[in-house]
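Comments concern the structure below.
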Amino acid sequence: LGAAAAGARVMTSSSSPGISLKQEGISYMAGMELPGVIVNTMRGGPGLGNIAPSAADYFQATRGGGHGDYRTPVLAPSGCQELAELTFLAFELADRYRNPVMIVGDGIMGQMMEPVVFPDPIDPKDLPEKDWILTGCKGRAPRAMFSMILDVNKMYKHNLKLQEKYELIAAQEVRYEALGVEEAEIIIVAYGTAARIAESAIEELGPNGLSVGLFRPITLWPFPVKPLRRLAEKASKIAVFEFSTGQLLEDVIISVGERAPIYFYGIPGGVVPTPAEIADFMRSVDRGDGTIGRRIEV
């Protein structure tokens with residue numbers, strides 16, 4: 011908090027339990043409108059759990075995590091190149107909106123090695139001036155920063171100001187990737203490492219197999235509700251695959267509603283399915299028999 015308040019670009023990282031311990035500080039940063047980047051390499055839980063890949067911190071990341079009405083933009087890379095690019099983006103978004111930004115990966119991504127090409131950094135002149143930082147008040151009026159606002163009317167107005175910012179982020183910063191979805195009968199929704207497995211499963215099904223497309227949210231918040239909703243109006247079925255027991259699923263339900271049947275396959279605790287298993291899930295979805303995964307009643 012102190013370094014961010016003094017104008018430095020700051021980042022912290024941990025893996026699930028450590029991020030839980032940081033939630034109070036993240037809430038303070040949101041309340042004080044301090045930019046910063048938080049990286050969570052998610053692992054199996056709950057509790058101390060294990061160090062295997064997981065995506066069970068989705069709710070914690072996308073719903074705030076700490077106390078109070080606040081949001082953090084959440085970026086979900088699916089490989090090392092995108093991890094590099096989204097880290098650049100995370101710092102840009104944090105500075106642009108004066109807000110903490112989260113990057114979420116998993117235990118596979120945390121140990122993965124791939125070649126990357128670093129993007130060109132943004133010109134600092136294209137970002138808002140940091141005319142709020144605490145650098146000493148010689149020659150100007152003093153500045154102060156608080157997350158405690160005891161006057162309820164001032165706290166009310168501050169919350170409205172924050173909500174206006176979150177609405178702006180939701181309107182301008184939605185990011186996603188859609189592969190082969192326009193003519194697909196089944197659209198599988200997945201992010202991070204799970205999306206890479208799903209993409210391999212689609213390739214395994216082959217060009218003469220099922221008509222399956224991939225919808226990959228890159229921003230988990232703001233979630234790409236409208237793009238997925240439009241696709242659901244044309245697809246015959248929506249499938250959801252994630253490394254948890256149904257957290258991404260809730261945002262898919264909000265987006266899709268009753269526009270298409272929704273099927274779910276979630277793997278908790280750090281178990282990583284193979285592309286062949288996900289291909290079998292796709293075949294089960296096509297048959298509608300629920301032998302792998304389950305149909306969700308909306």
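So the mapping is simple: the numbering used here equals the position in the sequence shown, first residue as 1, plus 10.
The beta-carbon is built from N, C-alpha and C at its ideal position, and this holds for glycine as well.
- Judged by DSSP secondary structure, PHE251 falls within the beta strand (DSSP E) whose first and last residues are 247–252.
- In the DSSP secondary-structure assignment, ILE48 is bridged to THR22, MET112.
- PHE156 sits exposed, since fewer than 16 C-beta atoms from the chains shown fall within 10 Å of its C-beta.
- Secondary structure in the region 226–276: the alpha helix (DSSP H) runs of 4 residues or longer, each lying completely within the stretch, are 235–242, 258–266 in chain order.
- Counting the other CB atoms within 10 Å of its CB gives ASP261 a total of 16 or more, which places it among the buried residues.
- Buried is the label assigned to TYR107, since at least 16 other Cβ atoms lie within 10 Å of its Cβ.
- Looking only at PRO110, ASP161, ILE207, LEU238, the smallest Cα-Cα distance to PRO227 is reached by LEU238.
- Secondary structure at GLY17: coil, using DSSP grouped into helix, strand and coil.
- The beta carbons of TYR201 and LEU224 sit no closer together than 8 Å.
- The DSSP-derived three-state label of ALA188 is strand.
- In the three-state DSSP reduction, PRO27 falls in the helix class (H, G or I).
- In its chain, beyond the 5 residues on either side, ARG19, VAL47 have a beta carbon closer than 7 Å to the beta carbon of PHE101.
- With a 10 Å radius around the Cβ and a threshold of 16 neighbouring Cβ atoms, PHE251 comes out buried.
- For THR203, the closest alpha carbon among the candidates GLY28, GLY89, ARG81 is that of GLY89.
- The three-state reading of DSSP puts GLY76 in coil, since its state is none of H, G, I, E or B.
- Taking the Cα positions, LEU215 is about 10 Å away from GLU209.
- Within the same chain, and ignoring the five residues on either side of PRO129 in sequence, the residues whose Cβ sits closer than 7 Å to its Cβ are GLU95, PHE98.
- Within the model, the alpha-carbon separation for LEU44 versus GLU193 is close to 44 Å.
- Close CB contacts of VAL126 within its chain, under the 7 Å cut and outside five residues either way in sequence, are with CYS90, GLN91, ALA94 (chain order).
- Our two residues, THR51 and ARG150, have alpha carbons roughly 42 Å apart in a direct line.
- Here ARG206 is buried: its Cβ has 16 or more other Cβ atoms, across all protein chains shown, within 10 Å.
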